[in-house]
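Here is the structure we will look at.
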Amino acid sequence: MGQRVECMAEPTAEDTRCSAQGDDALAGQAVVSVAHDADEQARNLIGWRQTYDQLAAGRFVGTLTELPLDTMKLFRESTSHLLRQACEVRGDAYWFGIPLTSDGTARVDACRIGPGALAFRPGNVEFELLTPAQFSIYGVVVRGDVLRRYAEEVEHRALDERLFAQRVIQIGDMRLARLCALLGGRLDGAAAAGGPLPDAQRDDLQAEVLAALFDACAQPADDGAGGAPSTRRWIVEQAREYVLAHRTRPVGVPELCEQLHVSRRTLQYCFQDVLGMAPATYLRTLRLNGARRDLCGRAAGSVQDVAEAWGFWHLSQFATDYRRLFGKRPSETLRERAVTVAAG
Numbered sequence: 028m029g030q031r032v033e034c035m036a037e038p039t040a041e042d043t044r045c046s047a048q049g050d051d052a053l054a055g056q057a058v059v060s061v062a063h064d065a066d067e068q069a070r071n072l073i074g075w076r077q078t079y080d081q082l083a084a085g086r087f088v089g090t091l092t093e094l095p096l097d098t099m100k101l102f103r104e105s106t107s108h109l110l111r112q113a114c115e116v117r118g119d120a121y122w123f124g125i126p127l128t129s130d131g132t133a134r135v136d137a138c139r140i141g142p143g144a145l146a147f148r149p150g151n152v153e154f155e156l157l158t159p160a161q162f163s164i165y166g167v168v169v170r171g172d173v174l175r176r177y178a179e180e181v182e183h184r185a186l187d188e189r190l191f192a193q194r195v196i197q198i199g200d201m202r203l204a205r206l207c208a209l210l211g212g213r214l215d216g217a218a219a220a221g222g223p224l225p226d227a228q229r230d231d232l233q234a235e236v237l238a239a240l241f242d243a244c245a246q247p248a249d250d251g252a253g254g255a256p257s258t259r260r261w262i263v264e265q266a267r268e269y270v271l272a273h274r275t276r277p278v279g280v281p282e283l284c285e286q287l288h289v290s291r292r293t294l295q296y297c298f299q300d301v302l303g304m305a306p307a308t309y310l311r312t313l314r315l316n317g318a319r320r321d322l323c324g325r326a327a328g329s330v331q332d333v334a335e336a337w338g339f340w341h342l343s344q345f346a347t348d349y350r351r352l353f354g355k356r357p358s359e360t361l362r363e364r365a366v367t368v369a370a371g
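For the sequence shown, my numbering assigns the number 28 to the initial residue and increments by one for each residue that follows.
Pasting the structure below:
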């Protein structure tokens, strides 16, 4: 696991591992809180300066599902009544607010958050959020250095400086729906897990969220889509060789982009063009095939030994992925190999 984070008395949004109680939260451990007062709801979100004013009569109920990760924090907030929220994300961080319903009644600094749009504010900038009754919103708070480095090293693009002046970003209904589905699925999965997400799953989730968000804030650019067919094949082959050379751990797309000096879009285009599938899918399949060959070999040890040798650190997930691809459990492959050896 990552090193312990010491939370300050008033943590900033950069302290992604701080819990609503101000303690060191376990990265990848979802926390669900319920508030019966608007001020209590405002306090539950750590790394913010905010005050909630309830503008409609009735008993308030608010819920917050929060997932602290190593470089970002994901959350889903639901509130029962019309609220005026005075907000400020503290520190060098960026907030993306994605409403579950886009009827245009929510506003950020009086700007309507319409269909196919999300709200955005950088850290250390005060803003006002007006939210209707029975409102739910996903939030992603990313450390500033992480977003900027990802843009440079993975996407090979500069962040659009004009973004920082915007309060509402139009990304389209389809991309908004995909983003909501991604965040909702990951938050629900983490809450149901009953324990912290493993390191590899946290890394994958953070890369997945960054990739999904980047399309909303990146400069459009044409990087040649991988160049000539021979260049695209070379990129795919180099990626394959790198993964095989580091087979004992799962190599992610961001790492490949850094090693091959290509953008994520270029890498995706190359794999789609050469192999007809996304890079992450192929790289996982490549390692599964390697594990199958080892299980079939005479020198095979236990299923766990083989799985770990190919970077699958969580045996149950390995067994699920293996069965999905090959139609049998890895233990069955191992038994079949033992029968063959005994017969030979």
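Don't be surprised by glycine CBs; every beta carbon is placed ideally from N, CA and C. A quick note: this is a predicted structure, and the numbers were derived from the prediction, not measured.
Asked: Under 7 Å Cβ to Cβ from P159, same chain only, skipping five residues before and after it: list those, please.; Found: L109, T132, A133
Asked: Can the beta-carbon of V116 be found less than 7 Å from the beta-carbon of G150?; Found: yes
Asked: Three Cβ pairs or more, each shorter than 8 Å: is that satisfied between the segment 297-314 and the segment 192-202?; Found: no
Asked: Helix, strand or coil, according to DSSP, for A238 in the structure here?; Found: helix
Asked: Given this structure, state the Cα-to-Cα distance separating A36 from R260, to the nearest angstrom.; Found: With a pLDDT of 45 at A36, under the threshold of 50, the modelled position of that residue is not reliable, and no figure is offered here.
Asked: To the nearest angstrom, how far is it from the Cα of I262 to the Cα of Y269?; Found: 11 Å
Asked: In terms of DSSP beta bridges, what is I164 paired with?; Found: E104, P126
Asked: Please classify L352 as buried or exposed, where buried requires at least 16 other C-beta atoms within 10 Å of its C-beta.; Found: exposed
Asked: Between which residues of its own chain and T92 is the CB-CB distance below 7 Å, once the five residues before and five after are set aside?; Found: A57, V59, F102, R103, L214, A218
Asked: Is it buried or exposed for N316, if we count other Cβ within 10 angstroms and need 16 for buried?; Found: exposed
Asked: Please classify D332 as buried or exposed, where buried requires at least 16 other C-beta atoms within 10 Å of its C-beta.; Found: exposed
Asked: E180 lies in the beta strand (DSSP E); which residues open and close that run?; Found: Unbroken run through E180 is the alpha helix (DSSP H), 171-180; no beta strand (DSSP E).
Asked: Which class does F298 belong to by DSSP, given the choice of helix, strand or coil?; Found: helix
Asked: Taking all protein chains shown into account, decide if C114 is buried (16 or more other Cβ within 10 angstroms of its Cβ) or exposed.; Found: buried
Asked: Is the Cβ-Cβ distance between P277 and G338 less than 7 Å?; Found: yes
Asked: From which residue to which residue does the beta strand (DSSP E) around R76 run?; Found: 75-81
Asked: Report all residues from its chain with a CB closer than 6 Å to the CB of D231; omit the five preceding and five following residues, and keep chain order.; Found: none
Asked: Just to confirm the assignment, what range does the alpha helix (DSSP H) spanning I262 have?; Found: 256-272
Asked: By alpha-carbon positions, which one of Q161, G324, P256, P357 ends up nearest to S107?; Found: Q161
Asked: Give the DSSP-derived three-state secondary structure of A334 in the structure shown.; Found: helix
Asked: Would you call E153 buried or exposed, if buried means 16 or more other Cβ atoms sit within 10 Å of its Cβ?; Found: exposed
Asked: With C-beta atoms as the reference, is L156 less than 7 Å away from Q112?; Found: yes
Asked: Identify which residue in A62, W75, D97 has its Cα closest to the Cα of F87.; Found: A62
Asked: For R170, tell me which candidate among M304, L96, R319 has the shortest Cα-Cα distance.; Found: L96
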